[in-house]
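Trainee: Residue numbers (the numbering used here), protein chains in the order written: chain A, 1 to 294; chain B, 295 to 588; chain C, 589 to 882; chain D, 883 to 1176; chain E, 1177 to 1470. Positions of the beta carbon are idealized from the N, C-alpha and C atoms, including for glycine.
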Amino acid sequence: MWLTKTFSIKGSVFQGVWKRSLLCGLFGLLVSFLYSNQWPVSEPILGGIIPSIVLGLLLVFRTNTAYERFWEGRKLWGSTVNTIRNLAWQLSVSLKEVEPGDRDRKIQALHLLSAFAIAKKRHLRYEAPNEELKPWVSPSQYQVLQNTDNMPLKITHWLGDYLQQEYNRGLLTVNQLASIHSLMTRLMDNVGGCERILKTPIPPAYVIHLNQLILLYCLLLPFQVVQELGFSTGIFVAIISFALFGIEEIGVEIENPFGYDPNDLPLDKICDTIIQNIEEFTHSNSEEVPKPVD
Amino acid sequence: MWLTKTFSIKGSVFQGVWKRSLLCGLFGLLVSFLYSNQWPVSEPILGGIIPSIVLGLLLVFRTNTAYERFWEGRKLWGSTVNTIRNLAWQLSVSLKEVEPGDRDRKIQALHLLSAFAIAKKRHLRYEAPNEELKPWVSPSQYQVLQNTDNMPLKITHWLGDYLQQEYNRGLLTVNQLASIHSLMTRLMDNVGGCERILKTPIPPAYVIHLNQLILLYCLLLPFQVVQELGFSTGIFVAIISFALFGIEEIGVEIENPFGYDPNDLPLDKICDTIIQNIEEFTHSNSEEVPKPVD
Amino acid sequence: MWLTKTFSIKGSVFQGVWKRSLLCGLFGLLVSFLYSNQWPVSEPILGGIIPSIVLGLLLVFRTNTAYERFWEGRKLWGSTVNTIRNLAWQLSVSLKEVEPGDRDRKIQALHLLSAFAIAKKRHLRYEAPNEELKPWVSPSQYQVLQNTDNMPLKITHWLGDYLQQEYNRGLLTVNQLASIHSLMTRLMDNVGGCERILKTPIPPAYVIHLNQLILLYCLLLPFQVVQELGFSTGIFVAIISFALFGIEEIGVEIENPFGYDPNDLPLDKICDTIIQNIEEFTHSNSEEVPKPVD
Amino acid sequence: MWLTKTFSIKGSVFQGVWKRSLLCGLFGLLVSFLYSNQWPVSEPILGGIIPSIVLGLLLVFRTNTAYERFWEGRKLWGSTVNTIRNLAWQLSVSLKEVEPGDRDRKIQALHLLSAFAIAKKRHLRYEAPNEELKPWVSPSQYQVLQNTDNMPLKITHWLGDYLQQEYNRGLLTVNQLASIHSLMTRLMDNVGGCERILKTPIPPAYVIHLNQLILLYCLLLPFQVVQELGFSTGIFVAIISFALFGIEEIGVEIENPFGYDPNDLPLDKICDTIIQNIEEFTHSNSEEVPKPVD
Amino acid sequence: MWLTKTFSIKGSVFQGVWKRSLLCGLFGLLVSFLYSNQWPVSEPILGGIIPSIVLGLLLVFRTNTAYERFWEGRKLWGSTVNTIRNLAWQLSVSLKEVEPGDRDRKIQALHLLSAFAIAKKRHLRYEAPNEELKPWVSPSQYQVLQNTDNMPLKITHWLGDYLQQEYNRGLLTVNQLASIHSLMTRLMDNVGGCERILKTPIPPAYVIHLNQLILLYCLLLPFQVVQELGFSTGIFVAIISFALFGIEEIGVEIENPFGYDPNDLPLDKICDTIIQNIEEFTHSNSEEVPKPVD
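1. Closer than 8 angstroms by C-beta to residue 672/C: which residues in its own chain qualify, once you throw out the five before and the five after it? Chain order, please.
2. What residues in its chain sit with their C-beta under 8 angstroms from that of residue 576/B, if we drop five residues either side in the sequence?
3. Please go through the same chain and pick out, in chain order, the residues whose beta-carbon is closer than 8 angstroms to the beta-carbon of residue 1183/D, but skip the five residues on each side of it.
4. Whose C-alpha, out of 738/C, 725/C, 727/C, is nearest the C-alpha of residue 715/C?
5. With residue 381/B and residue 471/B assumed to form a contact (beta carbons below 8 angstroms), what rounded beta-carbon distance in angstroms separates them?
6. Restricting to Cα atoms, I'd like to know which of 818/C, 849/C, 789/C is closest to residue 654/C.
7. With a threshold of 16 other CB atoms inside 10 Å of the CB of residue 39/A, please say whether the residue is buried or exposed.
8. Could you please tell me which residues of the segment 544-560 of chain B, in chain order, have their CB closer than 9 angstroms to any CB of chain D?
9. Is the segment 229-245 of chain A touching the segment 90-101 of chain A in the sense that three or more CB pairs, one from each, lie closer than 8 angstroms?
10. Consult DSSP for residue 850/C and reduce its assignment to one of helix, strand or coil.
11. Would you mind reading off the limits of the alpha helix (DSSP H) that contains residue 1214/E?
12. At a Cβ cut of 7 angstroms, what residues of the segment 664-680 of chain C count as close to chain A, listed as they run along the chain?
13. Looking only at its own chain, which residues have a Cβ that is under 7 angstroms from the Cβ of residue 426/B, when we skip the five neighbours before and after it?
14. Secondary structure at residue 295/A, three-state DSSP: helix, strand or coil?
15. Counting contacts by CB-CB distance shorter than 9 angstroms, is residue 65/A in contact with chain C?
16. Where in the segment 681-753 of chain C do unbroken runs of the alpha helix (DSSP H), each at least 4 residues long, occur, reported from the N-terminal end onward?
17. Can you find a CB in chain C that lies within less than 9 angstroms of the CB of residue 206/A?
18. Taking 7 angstroms as the limit between beta carbons, can you name the residues of its chain near residue 709/C, skipping five residues before and five after?
19. When we look at the beta-carbon of residue 1193/E and count the other beta-carbons within 10 Å, is it buried (16 or more) or exposed?
20. Please confirm if residue 1466/E has its CB atom under 9 angstroms from at least one CB of chain C.
21. In the DSSP assignment, the alpha helix (DSSP H) including residue 1348/E goes from what residue to what residue?
22. Could you have a look at residue 1187/E and say whether DSSP puts it in helix, strand or coil?
23. Going along the chain, which residues of its own chain have a beta-carbon closer than 8 angstroms to the beta-carbon of residue 1196/E, five neighbours each way excluded?
24. At a CB-CB cut-off below 7 angstroms, which residues of chain B make contact with residue 11/A?
25. Under the assumption that residue 1125/D contacts residue 1230/E (Cβ atoms under 8 angstroms), give the Cβ distance between them as a whole number of angstroms.
26. Assuming residue 666/C contacts residue 1254/E under a Cβ cut-off of 8 angstroms, what Cβ separation, rounded to an integer in Å, is found between them?
27. Which residue from 1281/E, 1402/E, 1389/E puts its Cα closest to that of residue 1235/E?
28. Is residue 728/C near residue 208/A, with beta carbons less than 9 angstroms apart?
29. What first and last residue would you give for the alpha helix (DSSP H) that runs through residue 1090/D?
30. When the Cα of residue 847/C is compared with those of 594/C, 683/C, 711/C, 668/C, which residue comes out closest?
31. Checking contacts by CB at 9 angstroms: is residue 1364/E closer than that to chain D?
32. Does the distance from the CB of residue 308/A to the CB of residue 681/C come in under 9 angstroms?
33. DSSP on residue 1449/E, reduced to helix/strand/coil?
34. So, is the C-beta of residue 198/A closer than 9 angstroms to a C-beta in chain B?
35. Short of 7 angstroms in beta carbon distance, which residues of its chain neighbour residue 1218/E, apart from the five on each side in sequence? Order them along the chain.
36. Does residue 658/C get closer than 9 angstroms to chain A when you measure Cβ to Cβ?
Dropping the structure here:
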C-alpha cells in the first residue's frame, strides 16, 4: 500500500513538472558533452551560489502558505456545510405551517439552500448556472441567475425575502428570525472568504523571485558535478530539478483549492452531502419521527 | 523512567516502519557485496542529490501539519465536553418540572447527550450503533439510528424536538431556549469540524512527492557510503531509513486522530467523562445539594 | 507560461534591488583586480563568519512576518466587503418606506456605504478626498470630509445618525437597529485594524540587524571565492547579493499592502466590487425581483 | 545581569539532564580509552547517520509545540482572571439588595469566585481541597467538595443555583442573568481547556522517536571525534549531549504548565490577584466610592 | 535611504550588546597571542560542538516568540482604540439629555475614556498617576487613583456606575446598556491581556539554555579559527558574537513592548489618537454636524 501510494501518478505533480525537469536534464547532458570535449565547464565552487538552506526555506514557506490557503478554503466550506445543516433544521422546526401551501413554500426554501451550495461551487469555478442547479430553483429564478454576477448572494437574498414574508405573516418570532439571519450572515461571509482566497494570489514578487532562484540553481548544477559524474550528469540534474520544481508545483496546485484537480477540495462530494442532508428534512413526514420520550 | 519511555514499543512507530527499513538495509547489504566484488558502485557525490535540508524541512512540515490536525481534533472534542456540560447544567437548572412525568422526560433528554457523545465517536470511526449506545436511547430511537447516515445529527434533532415541545408547554422561556439552541449549534459545528478533519487528508501531491524523495534518498545512500563502511553499510542504511520513515509515519498516525491507535485521541475515556458528568445531574436529588448560603 | 512568469519584470523585486546588487558586484570585481595584482585578499575561512543558516532563517522570518501582515490586511478588506454587502442587504430589507422621500433617503444611506469604502482606501493611502468620492456624498458632507482626520469614521457616524433618526420615526425595530449597529462596529474595527498594520512597522532593531548581516555577508563573499573564481567573482557576488537583497525586498514591499505596487492589495478593484454590489440594491425595483415561490 | 541570568541554576534544565549527560560523557571516555588501546573505534563517517538538520528541526518543533501549550494555558488563566473580574463587577452592580441578608448572600457569592480560582488551581494539580479553600466556602460546601470529582464545576453550579434564586426573587433582570450566564460559560470553558492541555500529551510516537534519535546521535558521537580529540572526547560528548537533552527537557518542563516548577505558570500569584480583585468589591462601602461626576 | 536605515544606531541593538561582543573579541585576541606563542590552542574540530543549525533554530524561535508577544500587545492596544471609539460614539448617540447638567455629565463620562487610555499606559509601565491624567478626572477621583492597584479597572467601574445611574433615570434603554457593557467588557479584557504579556516572560529554562549555548559557541570559536586567521581572530570573533547576541537581544527588547524603547509600541502616540478621537465628540455642537441627507 505504501508503495502504491508512493508511485501513483494521479494526484502527483509529475504531469506539471516533467517537461521542465527533462529540459534541465538535457542541459546537463549538453554540459557533460562539452566537458568530454575538454571545454572548461567544471566549476565546483558554484555550489554555494544559492545556499541550499535559503532555497529550502523559501520552498517550504511557499508550500506552507499554499497549504494554509487550502485549509482555510476547506474550513470555509466546512462552515458552509454546518451552517446549511443548522439553517435547514431551524427552518423545519421554527416555521409554523398554517395554510395548505405553507409546506410547499417551506420545501422550496429548503431547496434554495441546495441551490446555494451548488451556486457557490460554480461561482468559485467561474461557471454559469447549468442543469445541476435547475431542480432547486424555479424557472424564473433560473433565468435571473443566468444574468447575475454573484449567484450565491442572489440566492441568499431570495431566502431573506421569503423569511421576511413569513415573518410578516406571523409564522416566525422575532428571535427566530434574528437567529436565522445570523446564520445567513455566516453563509455570506463564507462566500466572501472563498472569493478572497480565489482572487488574492500569493504576491507575485515572491513567486517570481523563487522561480528565478530555482531555475538558476538547476542550471548551475551541471557545472558543479560534471567533473565527478561525467555522462550521468543529465540524470542527476533531471532528478534534482524534479525534486525542487515538484515542491514549487505542489504550492501552485493547492493555493487555489476550488478547481477540478485531484489535489483540490472535493467540492462535488461536499455539495452532494449538503443536498442529502437537506433531503432528510424535505422528505420526512412527522409520523416517522420517533418521539424523544416514549 | 526516561529510558523506559525511550524504548517502549507500544505507541512507537516501530510497527509501522520496520519492514521498509529492513528492505532498505538489505539493499545496502547487497550494494556492499557488489562493492566487495569490485563492482563500480561507490559514488560519494550522490550525497547531494537530495539536499538533506530540503528533505528535513519537508518532513517537519509534514509532522507539523499532522499535529495541527490532531490538536484541532482534540480542541473540537474538548469543546464537545464543555458544551455538553453546559447543556446538561442548563437543562437541569432551566427546565421547570410541573407534571409527574417531567422529571423522567428531562432525564431522557440528558441521556440523549450521553448518546450524542457515543454516537459522535462511532460516527467518526465509521461504526454502526451497538450495545454501548443502547442504554441512552429508547428502543425505537435505536432502530432509527441503525438506518441513519449521521447519528449525532439525528440525536441533536431529537433533542431539539423535545425542547420545542417543552417550550410550547411553557416550561422554558424564549431566552433560555435561545441560549440552549446556541449550545446545540456548537455541538453540530463540532461534528462538522471533526468530519472535515476525517475526510480531508493532506493533499496527495504532497504525500506522494515526499515519499518519493525519502525513498530516493534511502536508496542512494549505500552508493555514497559503501567505500567507507564496507559491510556495515546495511546497518547504517537501515538505521537512517528508520529515522526518516519514522518521522513520516508519525505524520500518518496522527493526521486522523479518531481511531484506536495509542497515538490517537482517547475518545473512549473522553466519552466516559462526559457520561459521568451527566450522571451527576440525573442522579442528584435536590435534597443533597448544599445551598450556596447557609 | 511558467517562463513568462519567471522572467516578468513587473511585480518583481528587480526595480528595488538592482543598484545594491550592482554595487556589490563592482566591489567583487575590485577584489578580483587586487587579487590578480597579488594583494593578499583571499580568505576562504571567512565563509563561516555569518552562518548561512542563521541568515537564511532570519530572511525567512522576515518574509513570513511581512506576508502575515499582507494577509491580515487582505482579511480585513475581505471583512469590509462582506460587512458592507450585509449592511446594504439589511438596510434594503429592514427599513420601511412610509413617506415619499424615504426611498431617496435610503439610497443616500446606501451611497454612504460606497463612500465608506473609497474613504477607507484613501485614508490608508494618506490621500485627501477627491472626485472619486463626490458622487456618493452630498456637497456639504464633502466639505466636512476635506477637514476631517478620519474620513471613514466620519461617514460611519453619519450613517449612525441617519439610522437613529429612522429608528426614532419607527421605521426600524430595536432588534434591527442592534443588528445593524453590530455590523457597523465591525466596519469601524476593520478601519482600526488596517491602521494598526499601516502604523506599526516591524521593529526597527530587527530590520537594522538583518540589513547589517546581509551587507556584511555580501561584502565578505569576494574574499572567500576570489581564489577559485578569479575575474568571475564580480558576477558571482552580484547574483548572490541579488538573491539575498531580493528576499529582504519582498518583505519590504508586502509589509504595507495598501499602496499602489503590483504586490499590494488590489484596493481599487475591491472598491469597485463593493460599489457594484450596492448598485444592485439602489437600482432594483421591487417588480423585477422574482418571488422565491411561484 | 546578563551573566547572572545565564548561569542561574534555578529554573534551568540542569537538574533534569545532568545525569544523562554525565553518562554520555563517561561513554565517550570509555571510547577514548579503547582508542588509545588501539581498538578500531574511529568511524568519522558516522557523523552523517542522523543529519543534524533533521535532529535540529525535530527539537525545535518539540519546543515550539510545548511552548504553544504553555502559552495557551496562560491565555486560559488570563481569561479566567478577566472573567472573574467581570463577574464580580456585574454581581456587585446588578444584584439589587432589598432584604437585610442580601448583602451577606452577595458577599458569599463573591467568595465563591475566589473559591473557584483556588479550586481550579488545585484541580489541575490533582490536589484535594485544603485550608486554602476553607475561608471562601461554607463548611457544608467544603465537605461536598472533598468528595467531588470536579471541584471548579461544582462551585460554578452553586453560583448558578444562587443566581437562579435571586432571579426568581426578582433581584436580577432576565438580561442581566443572561449576561452573567455567558460569563459563567466562559469560566467552565476555561476549566475544560486547561483539562485538555493537562490530559492530552504530545503524541507518544513523537516523543519516543525523538528520544531515540537524540540518544543514537550522542552515542555515535565519540566514534566520530575520538581520532581528533583523544582523551577530551568525554567532555566534548558530555557538553553536546547536555545541549541536546537540554532542549528536549525544556519541552518536557513547559508542556504541562500547571505544576510547581519555576518554569510553570505562577498559579499561586494569579490566584492571589483574583482574590485581591474580589476583596475590593466585598470590602467597599458605597460611601467611599467617589461619584464619577461631582 | 537603505544605507541610512542599515547604519542607524537609534533603535538598533548596538547599545545592548557591544560590551559582550567586545569581551568575546578580546578573548579571541588573547587566544591568538597564546597561539603565536606556540600554545596548543588550535582545535578546528570544536566547530561542531554546537551545530550551527541548532543554535540558528533556537535563535529564530526566540525572535519569533518575542515578536508574537509584541504583535499581540499591538493588537490589544488596537482593540482598545477601536473599542473606545465605539464607546464614545455610542455614548454620544444613545444617551438622552433631558436636564441641564446632563451634557456636562456626558462629557465627563467621555473624559473618563481618555483617562482610561492614559491609566492603562501608566499601569503597564508601573507608573503612578501624574499630571497627564489630571485633566480627565475629578480631583477626588485623582486621589482615589493614587491609592489604587489597578487604575484602568477602577475607571471602568466608575463609568459603569455612571451608566447604571443614567439607566435608572431612564436615559438609556436596556439594549443600549447591554451593548455598552459588552464594549466595556472588551476594554477590561484588553487590560487583562496586556497584563498577561507583561507578567509572563518566556520560560526561564529556555532563556538560560539559549544564553549558555551562545556563550559556549562564541568562546569556542577562537580555538577553531586561530590557525587560519592568526591575529585577525579577535575581530572575527567580535563580529560573529555581535551577530548572535544581537538576535537574542532583539528578542529581549520586543518581548515586553510597553516600555520607552524605540522598539516598543508608540503608546504615547496611541493615547494621543484616542484623546483626539474623543475630543471630536466633546467639542462638537449639533449645529455643525451636516445631516446625512440634505
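Mentor: On the basis of the coordinates in this document:
1. 701, 704, 705, 775, 862, 865, 866
2. 401, 404, 405
3. Absent from the structure is residue 1183/D, since the part of chain D shown begins at 883 and ends at 1176.
4. Closest by alpha carbon: 738/C.
5. Incorrect: roughly 12 angstroms between the Cβ atoms, too far for contact.
6. 789/C
7. exposed
8. 544, 547, 548, 551, 555, 556, 557, 558, 559, 560
9. Contact fails: fewer than three Cβ-Cβ distances are below 8 angstroms.
10. DSSP places residue 850/C in the coil class of the three-state scheme, outside both helix and strand.
11. First-last for residue 1214/E: undefined, no H or E at that position.
12. 666, 669, 670, 673, 674, 677
13. 412
14. Here chain A covers residues 1 to 294 and nothing more, so residue 295/A does not appear.
15. yes
16. 690-712, 727-734
17. yes
18. When the five nearest sequence neighbours on each side are left out, the beta carbons in the same chain lying within less than 7 angstroms of the beta carbon of residue 709/C are those of 855, 859, in order along the chain.
19. buried
20. Residue placement at residue 1466/E cannot be trusted, given a pLDDT of 42 that sits under 50; what the coordinates show is reported in the next sentence. Closer than 9 angstroms to some Cβ of chain C, the Cβ of residue 1466/E qualifies, so yes.
21. Where residue 1348/E is concerned, there is no enclosing alpha helix (DSSP H), given that its DSSP letter is neither H nor E.
22. coil
23. 1417, 1421
24. 498, 499, 502
25. 7 angstroms
26. With a Cβ gap of about 18 angstroms, residue 666/C and residue 1254/E do not count as contacting.
27. Checking every option, the nearest Cα to that of residue 1235/E belongs to 1389/E.
28. no
29. From DSSP, the alpha helix (DSSP H) with residue 1090/D extends over 1086-1111.
30. 711/C
31. yes
32. This structure leaves residue 308/A out entirely; chain A is present only between 1 and 294.
33. helix
34. no
35. 1211, 1399, 1402, 1403
36. Closer than 9 angstroms to the CB of residue 658/C there is at least one CB belonging to chain A.
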